[in-house]
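Chemist: Each residue of the sequence shown is one higher than the one before, counting from 103 in our numbering.
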Amino acid sequence: MTRTAIAAAMLLSGGYVVADAYDLTPGFLTVRDREPDPQPYPTVSRAITGPPRLPAWNAKAPQPDSAAVGKAVTSFASDPRVTGHVSVKVVDAATGKTIAEHEPDAARTPASNMKIVTAAVALRVLGPATTLPTTARLQGGTMYLVGGGDTLLAAGAGTPSAVKGRAGLDDLAEQAAAKARAAGVTNVQLAVDSTLFQGPVRQPEVSGANTGFIMEMRPLAVMQSRNQAGAYTPNPDLSAGQAFAAALSKRGIAVTAVNRASSPAPASAKEIGKVQSAPVRDLVDFALTESDNTTADALGHLVAAKSGEKPTFDGAGRATVAELKRMGLDTKGVVVADNSGLSASNRLNAALLTEILKQAGSCDKCRLAALASGLPVGALTGTLDDRLNGTAAAGRLRAKTGTLADATSLSGYVQTSKGRLLVFSILVGDLKEGTLAQGKAAVDSFAASLAAS
């Protein structure tokens, strides 16, 4: 494993400092229907400042004692706080050798650890530098607003340095209005082309309280169609169309109607404007750090479209599994019902997740190299902001969290007390009702023990 790869894969040692290039607002936790209400959207509890600092990684640092780690794994699997089934795999990053494991091939509910899989296939299939276009097209008196998968559009001007709001509808309207006026067109009907994504707008199992954790799956939206209270609102594509119409009217183009197109914009419609999202590598970071369900499922639909599958939840699942096979991974027992991890039907195993993380951490220039930097840092960022505080893992563990009502997971990288880099995956499923919090506490205790080894 090269030093550059480690820098991409690893977190921070010493002082609690993190690169401020990433949006550090943590995401919400995913829940199952039996949770009566969505949990509140958390916020970062401390300011993170200062330049990025790389850990003093030592390739010759001693490996942790495998017997001791194995004992810790056994203790975790039998921890009375864990009322469900456990899968664990711990691997030495430098050699790829397994240090300890417990039922690593058992299929478990991954919750948001599914986003590790989604990140990997999106980077490979779409490409880390790829951006998502939102375009305006004109034919006669009809202007088309064509969605390309960007659900983080700004209603106003775009911000070139941002992930959320990189592309702005004001900027698109400026281009489109100028070209429409030049063509002598000042009155249009606006057709919102959302045909890039097909099928149901929600994964069938996502209902009740869970609808509060994801936008309707449409290929364009202004800031994921959240209202001032942070709740997702229906018809995000049409809401984006209304915002675009308002921007056009300010520029002398009267919009007489805004409707959803029943078919794709005709090829003969002339492109009169285009704005581009942040690159896929940044969208992957956003999905991982904030555990953003909408971005993850949108990436899954885009992977399906690029792979020749139908851009639906089912098509995204098929395309995801097919790409995992192309990565040389064993997909026995793997079920991808959605790419966010909200579905309780999803199944992954710890062996597969550690293999993906090994591949991501062992290359400098491959497409997967962008994956590790999006994983939250223990006690510092994203969904790990308020976990692992005061433990050996604080600032030395970078991992993806996952939470459903009866499942919890944590998979990523951890630096031992002697500077050795480990890859690990922890999946806990079938927790008894009411024991989620204590199960997560047990996961954190075990993760901290890896950092202390």
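By construction, the Cβ of each residue, glycine as well, lies at the ideal position given by its N, Cα and C atoms.
On the DSSP letters alone, give me the boundaries of the beta strand (DSSP E) that arginine 428 sits inside.
Modeler: That residue, arginine 428, is in no beta strand (DSSP E); its alpha helix (DSSP H) goes 415-428.
Chemist: Report the CB separation of valine 479 from glycine 497 in whole angstroms; it is logged as a contact under 8 Å.
Modeler: The Cβ separation is near 6 Å, so the contact holds.
Chemist: Classify asparagine 312 as helix, strand or coil using the three-state DSSP reduction.
Modeler: Correct three-state label for asparagine 312: helix.
Chemist: Threshold first: 4 residues or longer. Then list the alpha helix (DSSP H) segments lying entirely within the stretch 307-354, N to C.
Modeler: You should have 338-351.
Chemist: How long is the line joining the alpha carbons of valine 545 and threonine 211, rounded to whole angstroms?
Modeler: Looking at the two C-alpha atoms, the distance is approximately 15 Å.
Chemist: I need the DSSP call for threonine 397, collapsed to helix, strand or coil.
Modeler: Three-state DSSP puts threonine 397 in a helix.
Chemist: Would you mind sorting proline 206 into buried or exposed? The rule is 16 or more other CB atoms within 10 Å of its CB.
Modeler: Proline 206 should be labelled buried.
Chemist: Under 8 Å, with one C-beta from each stretch per pair, do the stretch 244-264 and the stretch 393-409 reach the 3-pair mark?
Modeler: Yes: at least three Cβ pairs fall under 8 Å.
Chemist: How is the alpha helix (DSSP H) around arginine 226 delimited, first residue to last?
Modeler: Start and end: 216-227.
Chemist: How far does the beta strand (DSSP E) with glutamate 373 in it reach, from first residue to last?
Modeler: Segment 372-378, the beta strand (DSSP E) holding glutamate 373.
Chemist: Excluding sequence positions up to five away, which residues of its chain have a Cβ less than 7 Å from the Cβ of proline 142?
Modeler: Only weak support is given to the placement of proline 142: the predicted model assigns it a pLDDT of 35, under 50, and the value that follows is read from those uncertain coordinates. Nothing meets the Cβ criterion.
Chemist: Can you tell me whether DSSP reads glycine 234 as helix, strand or coil?
Modeler: With the sequence shown as reference, residue 234 is identified as leucine, and glycine is not the correct amino acid for it. Note: leucine 234 maps to coil in three-state DSSP.
Chemist: Do threonine 220 and alanine 389 come within 9 Å of each other at the CB atom, strictly closer than that value?
Modeler: Yes, the Cβ-Cβ distance between alanine 389 and threonine 220 is below 9 Å.
Chemist: Which residue marks the beginning of the alpha helix (DSSP H) containing glutamine 616, and which one marks its end?
Modeler: The question about residue 616 has no answer here: the residues shown for the chain are numbered 103 through 555.
Chemist: Can you check which of these residues, Thr185, Ala398, Gln326, Asp387, is closest to serine 475 by C-alpha distance?
Modeler: Measuring from the Cα of serine 475, the nearest candidate turns out to be Asp387.
Chemist: Arginine 283: buried (16+ other C-beta within 10 angstroms of its C-beta) or exposed?
Modeler: Label assigned to arginine 283: exposed.
Chemist: Can you tell me the Cβ-Cβ gap for threonine 244 and valine 294, rounded? I've got them flagged as a contact below 8 Å.
Modeler: Their Cβ separation, rounded to whole angstroms, is 11 Å, which puts threonine 244 and valine 294 out of contact at 8 Å.
Chemist: Is it the case that the stretch 337-348 contacts the stretch 315-326, given that we only count it when at least three CB pairs across the two stretches are under 8 Å?
Modeler: Touching, yes, given that three or more Cβ pairs across the two stretches are closer than 8 Å.
Chemist: Counting Cβ pairs closer than 8 Å, one from the stretch 419-438 and one from the stretch 358-366, do we hit at least three?
Modeler: With the cut-off at 8 Å, the stretch 419-438 and the stretch 358-366 do not touch.
Chemist: Can you give the Cα-Cα distance for glutamate 137 and alanine 356, rounded to whole angstroms?
Modeler: In this prediction, glutamate 137 scores a pLDDT of 32, lower than 50, which makes its location untrustworthy; the coordinate-derived value is nonetheless stated afterwards. Taking the straight line from one Cα to the other gives about 46 Å.
Chemist: Rounded to whole angstroms, what's the CA-CA distance from leucine 529 to valine 190? Just pull it up for me.
Modeler: So the alpha carbons of these two residues sit roughly 7 Å apart.
Chemist: Below 6 Å CB to CB, which residues in the same chain sit around leucine 454 once its five sequence neighbours on both sides are set aside?
Modeler: Hits under 6 Å: Leu431.
Chemist: With distances taken between CB atoms, is the gap from threonine 493 to alanine 452 smaller than 9 Å?
Modeler: The answer is no: Cβ separation not under 9 Å.
Chemist: Looking only at its own chain, which residues have a Cβ that is under 6 Å from the Cβ of glycine 417, when we skip the five neighbours before and after it?
Modeler: Ala406, Glu411, listed in sequence order.
Chemist: In this structure, does DSSP put glutamine 517 in helix, strand or coil?
Modeler: In the structure shown, glutamine 517 sits in a strand (DSSP, three-state: E or B).
Chemist: Consult DSSP for alanine 509 and reduce its assignment to one of helix, strand or coil.
Modeler: Strand at alanine 509.
Chemist: Out of Asp440, Ala501, Pro413, Leu255, which has the shortest C-alpha to C-alpha gap to glutamate 392?
Modeler: Glutamate 392 has its Cα closest to that of Ala501, out of Asp440, Ala501, Pro413, Leu255.
Chemist: Quick check: the Cα distance between leucine 482 and aspartate 488, rounded to an integer number of angstroms?
Modeler: If you take the alpha carbons of leucine 482 and aspartate 488, they lie about 7 Å apart.
Chemist: Return the Cβ separation of alanine 349 and alanine 275 in integer angstroms, given the expectation that the two are a contact with Cβ distance under 8 Å.
Modeler: About 4 Å separates the two Cβ atoms, so the contact holds.
Chemist: Sort Ser551, Arg239, Thr397 by Cα distance to proline 368 and report the nearest one.
Modeler: Comparing Cα positions, the closest option is Arg239.
Chemist: Go ahead and label glutamate 535 buried or exposed: buried means 16 or more other beta carbons lie within 10 angstroms of its beta carbon, across all protein chains shown.
Modeler: That one is exposed.
Chemist: When the Cα of glutamate 203 is compared with those of Thr185, Pro182, Ala174, Ser263, which residue comes out closest?
Modeler: Looking at the Cα atoms, Ala174 is the closest of the given residues.
Chemist: Of all the alpha helix (DSSP H) runs that stay within the bounds of the stretch 433-476, which reach a length of 4 or more residues?
Modeler: Entirely contained in the stretch 433-476, the alpha helix (DSSP H) runs reaching 4 residues are, in chain order, 452-463.
Chemist: Output the boundary residues of the alpha helix (DSSP H) element that contains leucine 538.
Modeler: Note, leucine 538: alpha helix (DSSP H), 538-554.
Chemist: Report the residue from Thr185, Lys199, Ala347 whose alpha carbon sits nearest the alpha carbon of alanine 257.
Modeler: Checking every option, the nearest Cα to that of alanine 257 belongs to Ala347.
Chemist: Could you pull out every residue in the same chain whose Cβ sits closer than 7 Å to the Cβ of leucine 298, ignoring the five residues on either side in sequence?
Modeler: Result list for leucine 298: Gly249, Gly250, Gly251, Pro321, Ala407, Pro413, in chain order.
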